[in-house]
Amino acid sequence: MHSVQIADQTFVAASPASVGKGLEDASQWRRWWPGLDLEVREARGEKGVRWLVDGEVKGTMEVWLKPELDGALLHFFLHGEPSASLGPSELRRLVRKLRLAGKAMSFELKDRCEAGKLPGHAPSFQAEG
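Using my numbering, you'd call the opening residue of the sequence shown number 9 and step up by one each time.
Here it is in structure tokens:
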């Protein structure tokens, strides 16, 4: 079992393709995860992205997009080991920082993809379809 085990999910009222487009911009990755060096292992479009991770943590990371109701479930996973030897409190701080970074990324994509959508109304991709 890895020392860093992060799993989170966020519902986004937008198509998986729209959310996937938001993940394509590699310049955002450094902003979302400044201590991580990411190498795309698999770009899956509307299904998300899988990365190899180096930097503060060595391991794997994935954003998996699953169609759900009138939108997408954005699943975020990060599994690995810290690059440096860390004590228990340092490890907890690192995991918390990375967990919050993942949630910030999820909420940023959610805000961007849902911009202009009124509560209780279908996402625009359904109205256009």
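The C-beta atom is built at its ideal place from N, Cα and C for all residues, glycine as well.
Practice item. Would you identify the three-state DSSP class for L31, choosing helix, strand or coil? Key: helix
Review point. Leaving out five residues before and five after L60 in sequence, what residues of the same chain have Cβ atoms less than 7 Å from its Cβ?
Key: E47, R49, T68
**Study point:** Member of L86, D78, E32 whose CA lies at the smallest distance from the CA of D62
**Key:** L86
Point to revise | Through-space distance from G124 to A135, alpha-carbon basis | key: Residue placement at A135 is poorly supported in this model, since its pLDDT is 40, which falls under 50; the coordinates still yield a value, given next. Looking at the two C-alpha atoms, the distance is approximately 13 Å.
Point to revise | Residue span of the beta strand (DSSP E) that contains A123, given as start and end | key: Note, A123: premise wrong, no beta strand (DSSP E); not H, not E.
Check your understanding: Where does M113 fall in DSSP's three states?
Key -> helix
Check your understanding: Three-state secondary structure (DSSP) at E76?
Key -> strand
Point to revise | Residue range of the unbroken beta strand (DSSP E) whose run includes G43 | key: Run containing G43: none; DSSP gives neither H nor E here.
Practice item. Quick one: grab the DSSP three-state call for G95. Key: coil
Point to revise | Top-ranked residue by Cα proximity to R58, from E89, L77, S26, L82 | key: L82
Check your understanding: Run through DSSP, which three-state label would E50 get?
Key -> strand
**Study point:** Contact set for A25: own chain, Cβ-Cβ below 6 Å, skip 5 residues either direction
**Key:** E54
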